[in-house]
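Chains as they are written, first to last, in our numbering: chain D, 1 to 113; chain E, 1001 to 1114. Glycine included, C-beta positions come from ideal geometry on N, C-alpha and C.
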Amino acid sequence: DAKTTQPPSMDCAEGRAANLPCNHSTISGNEYVYWYRQIHSQGPQYIIHGLKNNETNEMASLIITEDRKSSTLILPHATLRDTAVYYCIVRVGGGNAGNMLTFGGGTRLMVKP
Amino acid sequence: GAVVSQHPSWVICKSGTSVKIECRSLDFQATTMFWYRQFPKQSLMLMATSNEGSKATYEQGVEKDKFLINHASLTLSTLTVTSAHPEDSSFYICSAPTRADTQYFGPGTRLTVL
């Protein structure tokens, strides 16, 4: 699986958009970009994933650059409960349930009042 | 999203005893489940892949005789930490992929070995 690079930490004001970047310059054509977050002392929570098109769900938006070498997770209106470590993971998708997730260091997002 | 549960959520045991942790997929079936371990201020590290009906596969450096995995059904995998020692104290987390290949994680089990 391709490696990812994320800033170790970021701050965001409550109510503002949080934009979390991720570089994955060695991504392959069949690899998806997944985002998870982990709130302290809990299991990781799935947020969103995509292959090449931008994606949006009730939690966030995922913007993937045209060359797919980087992506941005957007939390449109961050709340204090969004404070967590956010992990960007690149892996082969497409229905092969044997593919595990490899976690890097992630970005520690601190949402401040 | 899909729901994965773990039991117990926390456990304290004496050194030398064995501890069993259960991982269940509540609303979907999973032929494969994954077990991770997380030490304080570190990221999740994959320990092993649990396969329903066959042996688990372990990551390099993980002792298969110490961390026994049983995938008894399509909704249940168990991790048994045998002869636990203080260095085994950690946060153990399981995950299971849905048919759409999105993995969902359990809430984790905090093991403290005295």
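Using the C-alpha atoms, what's the distance from D:Cys12 back to E:Gln1006? Straight-line spacing of the CA atoms in E:Gln1006 and D:Cys12 works out to 32 Å.
Roughly how far, in whole angstroms, is the beta-carbon of D:Asn30 from the beta-carbon of D:Val92, given that I think they are within contact range, below 8 Å? Taking a contact as a CB-CB distance under 8 Å, the pair D:Asn30 and D:Val92 counts as one, their CB atoms being some 6 Å apart.
From D:Lys52, D:Lys112, D:Arg81, pick the residue whose C-alpha is nearest to that of D:Leu38; which is it? Sequence check: residue 38 of chain D is Gln here, not Leu. Put simply, of D:Lys52, D:Lys112, D:Arg81 the residue whose alpha carbon is nearest the alpha carbon of D:Gln38 is D:Arg81.
Alpha carbon to alpha carbon, how far is D:Val111 from E:Phe1034? Between D:Val111 and E:Phe1034, the C-alpha separation is close to 31 Å.
Assigned secondary structure, D:Asp11 (DSSP; H/G/I helix, E/B strand, else coil): Strand, per DSSP.
CA-to-CA distance, E:Lys1020 to E:Cys1013, given in whole angstroms: Across the structure, E:Cys1013 and E:Lys1020 are spaced so that their CA atoms are roughly 11 Å apart.
Any C-beta of chain D sitting closer than 9 Å to the C-beta of E:Gly1108? By this cut-off, E:Gly1108 is an interface position.
Below 6 Å CB to CB, which residues in the same chain sit around E:Thr1031 once its five sequence neighbours on both sides are set aside? So the list reads Glu1052, once near-sequence residues are dropped.
Other residues of its chain near E:Gln1103: CB distance less than 8 Å, five sequence neighbours each side excluded: Within the same chain, E:Gln1103 has close Cβ partners Phe1034, Ser1095, Ala1096, Pro1097.
Could you have a look at D:Asn73 and say whether DSSP puts it in helix, strand or coil? As written in the sequence, residue 73 of chain D is Leu, which differs from the Asn given in the question. Shown here, D:Leu73 sits in a strand according to DSSP, grouped into three states.
Anyone know if the C-beta pair for E:Gly1108 and E:Gln1042 falls short of 9 Å? No, Cβ-Cβ distance for E:Gly1108 and E:Gln1042 is not below 9 Å.
Start and end of the beta strand (DSSP E) containing E:His1071? Looking at the DSSP string, the run of the beta strand (DSSP E) that includes E:His1071 is 1067-1073.
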